[in-house]
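Numbering (mature numbering (1 follows the signal peptide of the UniProt record, and there is no 0)), first residue to last: -35 to -1, 1 to 364.
Ideal placement from N, C-alpha and C gives every residue a C-beta, glycine not left out.
Reading through the structure tokens given below for one structure.
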């Protein structure tokens, strides 16, 4: 579900690539060297929910899905203590895991994904490197897709709603309000080949097979060259800003609809473990996941320092393209406004609605079968998600 995006042509468009690439979902390729399993930290206070010594590995290693950014893993970057150690060569950062000023007694290591690991999916990387404690998938549909070959168990939804969108020029198409409106015409829809949601949109009759074009590489130049006559896939936390602010050849607002609102109930990138590690990690996860839940809430309340850190890391890693403070601040606004980061049907952040997961299984199972990538036999929501480690009292509060 992830493809690479090349640099954009023209002034200011290089940085646009990085934002647009944030949630790319298919990346084929190579693995990395294996690392030894981490030993547990020295014993701590079992009654202190923020003391992770003795229950978690001395270093909690998280394989993220892309380069550092505020959007998905912002809560985890928020937990890095002062003066983090930056491994520029391997594109990793580590520091004491600190909760509201208190050291938990373990180290948190966040590893960049995407180009840093040869564009390997996190689900595959978990099986390449046993030293990884948790990984971040591109979306919940990735966990379903890989359930038969490289299974993962999601322990927290980092985003309630996946930010995938189809966008269009409102001046060219004033009658478009939804993706279905696009499908009533022959307007070309550019997208990244391999994205599962497009198979849903076509199969559900919202778009026609004849109008979708999977050769899109992410460059705004295609939309600009078409004079806005094509619709384009993107992400709600990125492309609306890119086209209006970072692409001077366009420089106008666009309109869009979330793929989620068109009936594809994908969660945003989930935090996962290997199912075989569940029993071993359970004592750690009972304390760690509530810490991650609270961090997701805290970072949106005060994103500035974490934005600064992620920008610093991207500069240190010398990634091909760079994020900016304005684009990161836009992402935060969109996460709030569109409830991409939000509670489920209850007042809890990060938990899974198993009925919603079942709908996603029902939608994607025949799609993957047609692609000769059958899911696990008899796949159920409990095979791919669990709420066992979620604290139901932690969530975003109104206002």
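Nearest-angstrom Cβ-Cβ length linking residue i and residue j, presumed shorter than 8 Å
{"i": "residue 367", "j": "residue 104", "result": "No information on residue 367 is available, as it lies outside the stretch -35 to 364 that the chain covers here."}
{"i": "residue 254", "j": "residue 317", "result": "Contact flag wrong, Cβ pair sits at about 12 Å."}
{"i": "residue 21", "j": "residue 71", "result": "5 Å"}
{"i": "residue 394", "j": "residue 306", "result": "Outside the shown range of the chain (-35 to 364) lies residue 394, about which nothing can therefore be said."}
{"i": "residue 231", "j": "residue 127", "result": "4 Å"}
{"i": "residue 77", "j": "residue 282", "result": "6 Å"}
{"i": "residue 180", "j": "residue 158", "result": "7 Å"}
{"i": "residue 252", "j": "residue 17", "result": "6 Å"}
{"i": "residue 341", "j": "residue 116", "result": "7 Å"}
{"i": "residue 222", "j": "residue 144", "result": "5 Å"}
{"i": "residue 308", "j": "residue 360", "result": "4 Å"}
Separation of residue j from residue i, as counted between CA atoms
{"i": "residue 300", "j": "residue 173", "result": "30 Å"}
{"i": "residue 237", "j": "residue 25", "result": "13 Å"}
{"i": "residue 33", "j": "residue 304", "result": "21 Å"}
{"i": "residue 267", "j": "residue 297", "result": "10 Å"}
{"i": "residue 133", "j": "residue 208", "result": "11 Å"}
{"i": "residue 228", "j": "residue 130", "result": "12 Å"}
{"i": "residue 351", "j": "residue 214", "result": "46 Å"}
{"i": "residue 44", "j": "residue 136", "result": "44 Å"}
{"i": "residue 149", "j": "residue 139", "result": "14 Å"}
{"i": "residue 338", "j": "residue 11", "result": "43 Å"}
{"i": "residue 161", "j": "residue 218", "result": "27 Å"}
{"i": "residue 287", "j": "residue 343", "result": "43 Å"}
{"i": "residue 263", "j": "residue 100", "result": "21 Å"}
{"i": "residue 235", "j": "residue 88", "result": "11 Å"}
{"i": "residue 109", "j": "residue 362", "result": "31 Å"}
{"i": "residue 165", "j": "residue 49", "result": "42 Å"}
{"i": "residue 347", "j": "residue 97", "result": "22 Å"}
{"i": "residue 23", "j": "residue 284", "result": "29 Å"}
{"i": "residue 312", "j": "residue 125", "result": "12 Å"}
{"i": "residue -24", "j": "residue 249", "result": "Unreliable placement is indicated for residue -24, whose pLDDT of 39 sits below 50; no coordinate value is reported for it."}
{"i": "residue 184", "j": "residue 81", "result": "21 Å"}
{"i": "residue 277", "j": "residue 83", "result": "22 Å"}
{"i": "residue 113", "j": "residue 210", "result": "43 Å"}
{"i": "residue 167", "j": "residue 204", "result": "22 Å"}
{"i": "residue 225", "j": "residue 163", "result": "12 Å"}
{"i": "residue 53", "j": "residue 280", "result": "10 Å"}
{"i": "residue 187", "j": "residue 152", "result": "14 Å"}
{"i": "residue 146", "j": "residue 271", "result": "39 Å"}
{"i": "residue 295", "j": "residue 19", "result": "40 Å"}
{"i": "residue 192", "j": "residue 220", "result": "15 Å"}
{"i": "residue 58", "j": "residue 27", "result": "10 Å"}
{"i": "residue 358", "j": "residue 66", "result": "21 Å"}
{"i": "residue 290", "j": "residue 319", "result": "36 Å"}
{"i": "residue 310", "j": "residue 206", "result": "29 Å"}
{"i": "residue 244", "j": "residue 95", "result": "16 Å"}
{"i": "residue -15", "j": "residue 182", "result": "Caution applies to residue -15, whose pLDDT of 43 falls short of 50 and renders its modelled position unreliable; the model cannot decide the point."}
{"i": "residue 327", "j": "residue 121", "result": "21 Å"}
{"i": "residue 79", "j": "residue 56", "result": "11 Å"}
{"i": "residue 93", "j": "residue 111", "result": "14 Å"}
Paired residues, beta bridge with residue i - DSSP
{"i": "residue 121", "result": "236"}
{"i": "residue 57", "result": "52, 76"}
{"i": "residue 308", "result": "314"}
{"i": "residue 225", "result": "Its beta-bridge partners do not exist; DSSP assigns none."}
{"i": "residue 369", "result": "As displayed, the chain neither begins before -35 nor continues past 364, which places residue 369 out of reach and without an answer."}
{"i": "residue 332", "result": "BP columns for residue 332 are empty, so no partner."}
{"i": "residue 220", "result": "133"}
{"i": "residue 62", "result": "45"}
{"i": "residue 350", "result": "119"}
{"i": "residue 200", "result": "129"}
Short Cβ contact (8 Å threshold) for residue i with residue j
{"i": "residue 178", "j": "residue 212", "result": "no"}
{"i": "residue 42", "j": "residue 265", "result": "no"}
{"i": "residue 314", "j": "residue 258", "result": "yes"}
{"i": "residue 349", "j": "residue 119", "result": "yes"}
{"i": "residue 156", "j": "residue 195", "result": "no"}
{"i": "residue 38", "j": "residue 123", "result": "yes"}
{"i": "residue 35", "j": "residue 293", "result": "yes"}
{"i": "residue 246", "j": "residue 106", "result": "no"}
{"i": "residue 102", "j": "residue 176", "result": "no"}
{"i": "residue 62", "j": "residue 69", "result": "yes"}
Heavy atom of the ligand NAP within 7 Å of residue i beta-carbon
{"i": "residue 259", "result": "Because no ligand of any kind appears in the structure shown, any question about the ligand NAP cannot be addressed here."}
For a minimum of 4 consecutive residues, which ranges assigned as the alpha helix (DSSP H) are wholly contained in the segment 143 to 198?
144 to 148, 161 to 168, 185 to 190
Kindly provide the ranges of any beta strand (DSSP E) runs that are 3 or more residues long and lie completely inside the segment 65 to 106, ordered along the chain.
67 to 76, 99 to 101
Alpha helix (DSSP H) segments (min. 4 residues) lying fully within the segment 15 to 48
39 to 43
Taking only runs that begin and end inside the segment 254 to 297, name each unbroken alpha helix (DSSP H) of 4 or more residues, in chain order.
269 to 282
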